[in-house]
Each structure stands twice: as structure tokens, then as C-alpha cells.
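Asker: Chains as they are written, first to last, in my numbering: chain A, 3 to 207; chain B, 3 to 207.
Protein chains: 2
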Amino acid sequence: MGRKRQLQKQEEIRNEILEVARSIIAKDGVRGLSIRKITNAMDYSPAIIYHYFKDKGEIIETLVNEGYGRILAAVRSVKRNEDEPDTELREVFTNYIKQALAIPEEYKAMMLNDEGAVLQKTALLERGISRRSPTMQMLCDNIQRGIDKGCYPPCDPELTAQIIWTATFGLIIKLIIEKDISSEQVERLVDRHFEILFSGIKVRS
Amino acid sequence: MGRKRQLQKQEEIRNEILEVARSIIAKDGVRGLSIRKITNAMDYSPAIIYHYFKDKGEIIETLVNEGYGRILAAVRSVKRNEDEPDTELREVFTNYIKQALAIPEEYKAMMLNDEGAVLQKTALLERGISRRSPTMQMLCDNIQRGIDKGCYPPCDPELTAQIIWTATFGLIIKLIIEKDISSEQVERLVDRHFEILFSGIKVRS
DNA sequence: TTGTTAGTTAAACAGTGTTTAATAATTTAA
DNA sequence: TTAAATTATTAAACACTGTTTAACTAACAA
Numbered sequence: 003m004g005r006k007r008q009l010q011k012q013e014e015i016r017n018e019i020l021e022v023a024r025s026i027i028a029k030d031g032v033r034g035l036s037i038r039k040i041t042n043a044m045d046y047s048p049a050i051i052y053h054y055f056k057d058k059g060e061i062i063e064t065l066v067n068e069g070y071g072r073i074l075a076a077v078r079s080v081k082r083n084e085d086e087p088d089t090e091l092r093e094v095f096t097n098y099i100k101q102a103l104a105i106p107e108e109y110k111a112m113m114l115n116d117e118g119a120v121l122q123k124t125a126l127l128e129r130g131i132s133r134r135s136p137t138m139q140m141l142c143d144n145i146q147r148g149i150d151k152g153c154y155p156p157c158d159p160e161l162t163a164q165i166i167w168t169a170t171f172g173l174i175i176k177l178i179i180e181k182d183i184s185s186e187q188v189e190r191l192v193d194r195h196f197e198i199l200f201s202g203i204k205v206r207s
Numbered sequence: 003m004g005r006k007r008q009l010q011k012q013e014e015i016r017n018e019i020l021e022v023a024r025s026i027i028a029k030d031g032v033r034g035l036s037i038r039k040i041t042n043a044m045d046y047s048p049a050i051i052y053h054y055f056k057d058k059g060e061i062i063e064t065l066v067n068e069g070y071g072r073i074l075a076a077v078r079s080v081k082r083n084e085d086e087p088d089t090e091l092r093e094v095f096t097n098y099i100k101q102a103l104a105i106p107e108e109y110k111a112m113m114l115n116d117e118g119a120v121l122q123k124t125a126l127l128e129r130g131i132s133r134r135s136p137t138m139q140m141l142c143d144n145i146q147r148g149i150d151k152g153c154y155p156p157c158d159p160e161l162t163a164q165i166i167w168t169a170t171f172g173l174i175i176k177l178i179i180e181k182d183i184s185s186e187q188v189e190r191l192v193d194r195h196f197e198i199l200f201s202g203i204k205v206r207s
């Protein structure tokens, strides 16, 4: 077996670990993930993990970053709407919610430090503490365009973006935690959520 | 030692356990709470816990219920304002935020099932699954009064209450998790939060 | 004093993440 | 092909977790 084959095999096992971890998280949540659950499912010894990952946290971190990527891709897939930045903004958040609800356990881990407060901090530090996240940057740009186009009255775009974001975040977490909500009720909640928020930012105070 | 003294002594130890647990949670969060941490601080053996509580979950549940009580008291302390139900509503949420930020770790545990998804469900089941919580009942009544007084256009009070609540919940969790925010920034966020939400629900669509 | 009860604990069990040292497998070098 | 070196894998242990069992001690009542 040559060098390349070897590295490929390594990658395969690493990916298998991640795949098994993903399925466990989907079933039992991030809290339900354990090294031994992973290795039992793979017919390996627990110690094998530490050949492919620094520790359990690195596995979770990898999946969390995957989640960030998915959500970023979802919001970036919204095509620019020069004439109606407010419509665009709503589409961005609609996609955001949709994607978050598609990976509920990962989303919780991403946002709530579900396994230790380390993750988010290190992630932030790596990107430079107080720099805006790509998603937040998008939102701010969009809101600024909305102001320029006269969709909203003048305001601090970052402050407004943060409020819409935290509000939407709250709704999503509620929808995830309260599992037994009908899809009709979800739609009602999301609609009213946007109705209130978008009316709110359009009011001239 | 008489019977009453004996029961009193029992209560004292129970309360000491809770007190120690509270201080550990304040420092290390609900996740950082462990039976052995409690009993070491009290110079007892770990097994003692199970004479005063069914299990660790019951300790957390007790503190979580305490948190519910505090928050309910805080929102109930707002005096009824017949003429301006919207001002009253804002005061209710202001108090809610203030109290939640006073017990951040407990609030997280209350809302996010920080230690197993059991807590919230059993708590809900005990009160009858789909009955409104006391706080939610307050909000709905208030909003209905606001509609009657002409503060807001007609709407589903429960739906609107849920949206304001989830939005505020999202803001609070963000404020708790991102520990290093100045109090000025907190104030700015809370102000803009209410500005958007209250403008939003007053808009006639 | 005896018997009963309540309070308390040592020890163990099953589970967690992780490390160490030894072993098995495989690739490289001679 | 054989020997050396590297890599992959694991068994076993450590230090934690929550919890249970059986034993023990202390205090009370008869």
C-alpha cells in the first residue's frame, strides 16, 4: 500500500468516526454522544479515537463547524435583491431557520455550548475576537442597503441585525426543544415572528 | 431531641445541600454540579445525598422551581396599569430580563434542559400538558387588554405573546452566554429589542 | 438494658473521557 | 526476502461521574 492509499485509509476511518458520531447525535443529542458508543458501533477499541482526533471535543468541534458551514451556505444561497433588500433579508432568515431546524442537535451545540464552554470561545479567538462572523457581516450589509434604499429608517445596522438574530435564535431554540409542535403551528409562529420584526424595524420613531 | 427538632434538623441539612449546590452552580454552572462536590464541601459522604433527595435531578429540579418562582414573583410585582397595558407589558418583560440575568445559570437550566430533557417535560406533565404557564397566562391577558384599549390592532394574543417571549428569551440567552458585554451595550440591546418588538405589534397590517 | 429507628458511610457497580505501554500489522530499507 | 522502522490497534488502568447495597453508628423508646 503506497503513501497515498495510506492517507486515504486514514481519512476513511476519520470520516467513519464522524459519520457514526453524526448519527448518534441525531438520535441522542450531543450530550448522548460518547467515545465508547462510537467505537462499539465501529467494532473498535475506545482508544482508537485518539489516533484520529485530539479528544472528544475535536469531534464535536468538527461537526459544529460543519453546521456553521451548512448554515452559511444556506444564507449565501439567497440571491441578491437590489430593489427589495427587505425581501432578501427575510429570505435569508427563512433559509437560516430552515437549515437550523434540519440539524437541530448540531444547532443547539453550535449556539449553546452544549458540551463545555470551550468551543465557542476558541472558535471566536481563532477568527479574531471581535470580528463579525460572516453571517453577521451579511446581515449588516443587507440592512445598510435597506436603509439606503429607504426600506427602513436610519438605524445602527449591527444593533438591528443583532436583535433580529437573537430573536430568531430564540424562536428556533424553542421550536427545537418543544418537539411536539405541528408544522402548521411552526409556520404560524414563523410568520408572526417576521411580521412583528419587520414591521418593527420599518417604523420611524 | 424531640420529633420536631429532628424534622427541623432534617430540613436544615436539606437546605444546606441546596445552598451548597446553589453556590457551585453559580460558579461552575449546572453542568459543573456534582454530588461529590456538594458532599466534600459539607464533609459528608456522597451517599448522604440520597437520604434527602431522590437523586441529583431532584436537587436541580428544586433549584429550577425556585428560579421559576423568582421570575414569576418578579413579573407579578408589576402593578396593573389599566390605561396603558403596553407600558405595563414592557415593565413585565423588563423585570423578566432583570431577574433572569440575576440567576443566569438557573435560567439556562430552566429553559434549556441543561441536565437532561427530563426536567421540563415532567414539570409540564405535572401541570397538565397543554395548560398555559402562569407567566404565559399573564402575558396573554395583558395583550388582550392592550387590544381592548386600542394599544395594538387585533391579533391572536397567545401567538403574539409567544413571539415576544421567544424573542426575549433569545436575547437573554445571548446575553448570558456572551459574558463579556458591557452594561451599556446590554442596555442598548434591550432598548432596541423592545423598540422593535413593541413597534412591531402596534403596526396595523 | 434492650430494641428500634434514623443517620451515615465504605465499598462497589456501571458509566464517562483519557493516557500509557504493550502488541499486532504494515511499510520501508537493506 | 529479510530486517528494521513505522504505524495501527488495543488492553488495562486512572480519575472522574451518579447511584445502590449492606453495614455500621448514634440516638431514642420501651
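Don't be surprised by glycine CBs; every beta carbon is placed ideally from N, CA and C.
Work out the CA separation of L91 of chain B and G152 of chain B for me, nearest whole Å.
Answerer: Numbered from 1 along the second sequence, position 150 holds the residue referred to as residue 152 of chain B. Numbered from 1 along the second sequence, position 89 holds the residue referred to as residue 91 of chain B. One C-alpha to the other measures close to 14 Å.
Asker: Taking the C-alpha atoms as reference points, what is the distance between Y154 of chain A and I51 of chain B?
Answerer: By one-based count along the first sequence, residue 154 of chain A stands at place 152. By one-based count along the second sequence, residue 51 of chain B stands at place 49. Approximately 58 Å between the Cα atoms of the pair.
Asker: In the DSSP assignment, find the unbroken alpha helix (DSSP H) run with D88 of chain B in it and report its ends.
Answerer: Residue mapping note: residue 88 of chain B aligns to position 86 of the second sequence, counting from 1. Run containing D88 of chain B: 87-104, per the alpha helix (DSSP H) assignment.
Asker: Could you name the residues of the same chain whose beta carbon sits closer than 7 Å to that of R190 of chain B, not counting the 5 residues immediately before and after it, in chain order?
Answerer: As a working note, residue 190 of chain B is residue 188 in the second sequence. Excluding residues within five positions, none has a Cβ falling inside 7 Å.
Asker: Under 8 Å, do N159 of chain B and I175 of chain B count as touching if we go by C-beta distance?
Answerer: For this step, residue 159 of chain B is matched to residue 157 along the second sequence. For this step, residue 175 of chain B is matched to residue 173 along the second sequence. Correcting the residue type first, residue 159 of chain B is Pro in the shown sequence and not Asn. No; because the gap between Cβ atoms is not below 8 Å, this pair is not in contact.
Asker: Take F200 of chain A and list the residues in its own chain whose beta-carbon comes closer than 6 Å to its own, dropping the five residues that flank it on each side.
Answerer: Here residue 200 of chain A refers to the residue found at position 198 when the first sequence is read from its first residue. Cβ within range, chain order: n/a, list empty.
Asker: With respect to the alpha helix (DSSP H) encompassing I179 of chain A, which residues constitute its N-terminal and C-terminal limits?
Answerer: What you label residue 179 of chain A is simply residue 177 of the first sequence in a count that begins at 1. 159-179 is the span of the alpha helix (DSSP H), which, as asked, contains I179 of chain A.
Asker: Could you tell me the boundaries of the alpha helix (DSSP H) in which P136 of chain A lies?
Answerer: Translated into positions along the first sequence, residue 136 of chain A becomes position 134. P136 of chain A -> alpha helix (DSSP H) spans 136-150.
Asker: Which same chain residues end up closer than 7 Å to I37 of chain A when comparing Cβ atoms and leaving out the 5 residues on each side of it in sequence?
Answerer: Working through the first sequence from its first residue, we reach residue 37 of chain A at position 35. Answer for I37 of chain A: P48, I51, K58, listed in chain order.
Asker: Against S207 of chain B, what residues of chain A qualify as contacts under a CB-to-CB distance less than 8 Å, listed in chain order?
Answerer: Residue 207 of chain B sits at position 205 when you count from the first residue of the second sequence. E197, S201, listed in chain order.
Asker: On a CA-only basis, which of A:H195, A:T89, A:D30 is nearest A111 of chain A? Give me that one, please.
Answerer: Position 109 of the first sequence, counted from the start, is the residue given in the question as residue 111 of chain A. Checked all of A:H195, A:T89, A:D30; the closest Cα to A111 of chain A is A:D30.
Asker: So, at 6 Å on beta carbons, what are the nonlocal neighbours of L114 of chain B in its own chain, with the 5 sequence-adjacent residues on each side left out?
Answerer: Counting from one through the second sequence, the residue named residue 114 of chain B turns up at place 112. Around L114 of chain B: no qualifying Cβ.
Asker: Roughly how many angstroms separate the alpha carbons of E93 of chain A and V80 of chain A, rounded to a whole number?
Answerer: Taking the first sequence and counting its residues from 1, the one referred to as residue 93 of chain A is at position 91. Taking the first sequence and counting its residues from 1, the one referred to as residue 80 of chain A is at position 78. Distance between the alpha carbons of E93 of chain A and V80 of chain A is about 7 Å.
Asker: Closer than 8 Å, CB to CB, is G71 of chain B near chain A or not?
Answerer: Residue 71 of chain B sits at position 69 when you count from the first residue of the second sequence. Chain A, which has no Cβ nearer than 8 Å to the Cβ of G71 of chain B, makes this no.
Asker: When you compare the CB positions of E107 of chain B and V22 of chain B, do they come within less than 8 Å of one another, or not?
Answerer: The residue you call residue 107 of chain B lines up with position 105 of the second sequence. The residue you call residue 22 of chain B lines up with position 20 of the second sequence. No, these two residues do not count as a Cβ contact at 8 Å.
Asker: So which residues on chain A does L20 of chain B lean against when the C-beta distance must stay under 8 Å?
Answerer: Residue numbering aside, residue 20 of chain B sits at position 18 when the second sequence is read from its first letter. Under the 8 Å cutoff, chain A gives no residues; its nearest Cβ is about 24 Å from L20 of chain B.
Asker: Which residue marks the beginning of the alpha helix (DSSP H) containing R72 of chain A, and which one marks its end?
Answerer: Indexing the first sequence from 1 puts residue 72 of chain A at position 70. Unbroken alpha helix (DSSP H) run through R72 of chain A: 58-78.
Asker: Which residues in chain B sit within 9 Å of R190 of chain A, going by Cβ to Cβ distance?
Answerer: For this step, residue 190 of chain A is matched to residue 188 along the first sequence. Within 9 Å Cβ-Cβ: D158, L161.
Asker: Pick from A:F171, A:Y109, A:T162: whose alpha carbon is nearest that of V66 of chain A?
Answerer: The residue labelled residue 66 of chain A in the question sits at position 64 within the first sequence. Of the candidates A:F171, A:Y109, A:T162, the one whose C-alpha sits nearest the C-alpha of V66 of chain A is A:Y109.
Asker: Which same chain residues, not among the five before or five after Q146 of chain B, have their C-beta less than 7 Å away from its C-beta?
Answerer: For the purposes of this step, residue 146 of chain B is taken as the residue at position 144 of the second sequence. Closer than 7 Å at the Cβ level, and outside the excluded window around Q146 of chain B, lie P159.
Asker: Cβ closer than 9 Å: which chain A residues qualify as neighbours of I175 of chain B?
Answerer: The sequence position of residue 175 of chain B within the second sequence is 173, counting from 1. Per Cβ cutoff of 9 Å: M113, L114, T168, F171, G172, I175.
Asker: Which class does F55 of chain B belong to by DSSP, given the choice of helix, strand or coil?
Answerer: One-based indexing of the second sequence puts residue 55 of chain B at position 53. Note: F55 of chain B maps to coil in three-state DSSP.
Asker: According to the neighbour-count rule (16 or more other Cβ atoms, all chains shown, within 10 Å of its Cβ), is P87 of chain B buried or exposed?
Answerer: Position 85 of the second sequence, counting from 1, holds the residue named residue 87 of chain B. P87 of chain B comes out buried.
Asker: Just how far apart, CA to CA, sit I62 of chain B and N144 of chain A?
Answerer: Numbered from its first residue, the second sequence carries residue 62 of chain B at position 60. Numbered from its first residue, the first sequence carries residue 144 of chain A at position 142. Whole-angstrom Cα-Cα distance: 43 Å.
Asker: Look at I99 of chain A and V192 of chain A and say whether their C-beta atoms are less than 8 Å apart.
Answerer: In the first sequence, the residue the question calls residue 99 of chain A occupies position 97. In the first sequence, the residue the question calls residue 192 of chain A occupies position 190. Yes, these two residues count as a Cβ contact at 8 Å.
Asker: Who are the Cβ neighbours of V77 of chain B in its own chain at under 7 Å, not counting the five residues just before and after it?
Answerer: Here residue 77 of chain B is taken as the residue at index 75 of the second sequence, counted from 1. Excluding positions up to five away in sequence, the list reads V94, N97, Y98, T137, M140.
Asker: Any Cβ of chain A within less than 8 Å of the Cβ of R92 of chain B?
Answerer: Translated into positions along the second sequence, residue 92 of chain B becomes position 90. No, because no Cβ of chain A sits closer than 8 Å to the Cβ of R92 of chain B.
Asker: Let me check you understand the geometry: is the CB of M44 of chain A closer than 7 Å to at least one non-hydrogen atom of the ligand ATP?
Answerer: Because no ligand of any kind appears in the structure shown, any question about the ligand ATP cannot be addressed here.
Asker: Determine the closest residue to T162 of chain B out of A:I198, A:I26, A:S207, with distance taken between C-alpha atoms.
Answerer: The residue given as residue 162 of chain B occupies position 160 in the second sequence. Looking at the Cα atoms, A:I198 is the closest of the given residues.
Asker: Use the C-beta contact count for R194 of chain A: other C-beta atoms within 10 angstroms, 16 or more gives buried, fewer gives exposed.
Answerer: In the first sequence, counting from the first residue as 1, residue 194 of chain A sits at position 192. Label assigned to R194 of chain A: buried.
Asker: Quick one: what does DSSP say G202 of chain A is sitting in, helix, strand or coil?
Answerer: Here residue 202 of chain A refers to the residue found at position 200 when the first sequence is read from its first residue. Helix.
Asker: Anything in chain A within Cβ reach of R134 of chain B, meaning under 7 Å, just list it in chain order.
Answerer: As a working mapping, residue 134 of chain B is identified with position 132 in the second sequence. Result: empty, since nearest Cβ-Cβ is about 14 Å, beyond 7 Å.
Asker: What are the boundary residues of the alpha helix (DSSP H) that R38 of chain A is part of?
Answerer: Position 36 of the first sequence holds residue 38 of chain A. Here the alpha helix (DSSP H) through R38 of chain A covers 37-44.
Asker: Measure from the C-beta of Q101 of chain B to each C-beta in chain A and report whether the shortest distance is under 8 Å.
Answerer: Stepping through the second sequence from its first residue, residue 101 of chain B is reached at position 99. Not closer than 8 Å to any Cβ of chain A, the Cβ of Q101 of chain B fails to qualify, so no.
Asker: List, in chain order, every chain A residue whose beta-carbon is nearer than 8 Å to that of Q146 of chain B.
Answerer: Stepping through the second sequence from its first residue, residue 146 of chain B is reached at position 144. Simply none; closest approach about 16 Å.
Asker: DSSP three-state label for Y154 of chain A, please.
Answerer: One-based indexing of the first sequence puts residue 154 of chain A at position 152. Coil at Y154 of chain A, not helix or strand.
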